[in-house]
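J.: Attaching a single structure in structure tokens format; questions to follow.
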Amino acid sequence: MKKLVWATLLSLALLPAASFAQVYVHDHPPARMVEHPGPRPHPGWVWTAGYHRWDGAHYVWVPGVWVAPPRPQAVWVPHRWVHRPGGWVLIEGHWR
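Note that the numbering used here gives residue 53 to position 44 of the sequence shown, counting from 1, and the numbers run on in steps of one.
Rendered as structure tokens:
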């Protein structure tokens, strides 16, 4: 039982580190697709543009969506691909 508890605690401690793992892709990401978001569904909502994600074999387009900001004055920083010495890395979109 002790081993199970320690294994669970260790896995929970390492969980946040896994979210910081970066996948390097050797192929240049495709050009961003042109999207037509249409009218804002609710006042104050923000368009979060689509992006290409890597599925392990090739790039897949994830379409943009309208979302409610988590707090007033929040600004959406879009997903972007950055070239680094090991290849291309996706920097996740986030609220600032």
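For every residue, glycine included, the Cβ atom is placed at its ideal position computed from N, Cα and C.
These numbers come from a predicted model, not from an experiment.
#1: Take P78 and list the residues in its own chain whose beta-carbon comes closer than 6 Å to its own, dropping the five residues that flank it on each side.
#2: Taking only the alpha-carbon atoms, compute the straight-line gap between A22 and V98 and give it to the nearest angstrom.
#3: Drop a sphere of 10 angstroms on the beta-carbon of Y60, count the other beta-carbons inside from all chains shown, and report buried for 16 or more, exposed for fewer.
#4: Run through the DSSP bridge pairs and tell me what V98 is partnered with.
#5: Using the Cα positions of D36 and P87, report the straight-line distance between them to the nearest angstrom.
#6: With distances taken Cα to Cα, identify the nearest neighbour of W70 among P81, M42, T57 and R89.
#7: Just to check my reading of the structure: W75 and P46 have Cβ atoms closer than 8 Å, yes? What is that Cβ distance to the nearest angstrom?
#8: For G53 and R80, I'd like the C-alpha separation in whole angstroms.
T.: The structure says:
#1: Result list for P78: V55, in chain order.
#2: A caution first: A22 carries a pLDDT of 45, below 50, which makes its placement in the model too unreliable to give a value.
#3: Label assigned to Y60: buried.
#4: Looking at the DSSP assignment, V98 forms a beta bridge with V91.
#5: C-alpha of D36 to C-alpha of P87: approximately 21 Å in a straight line.
#6: That would be M42, whose Cα lies nearest to the Cα of W70.
#7: Yes, they are in contact, since the Cβ atoms of W75 and P46 sit about 7 Å apart, within 8 Å.
#8: Approximately 10 Å, taken between the alpha carbons.
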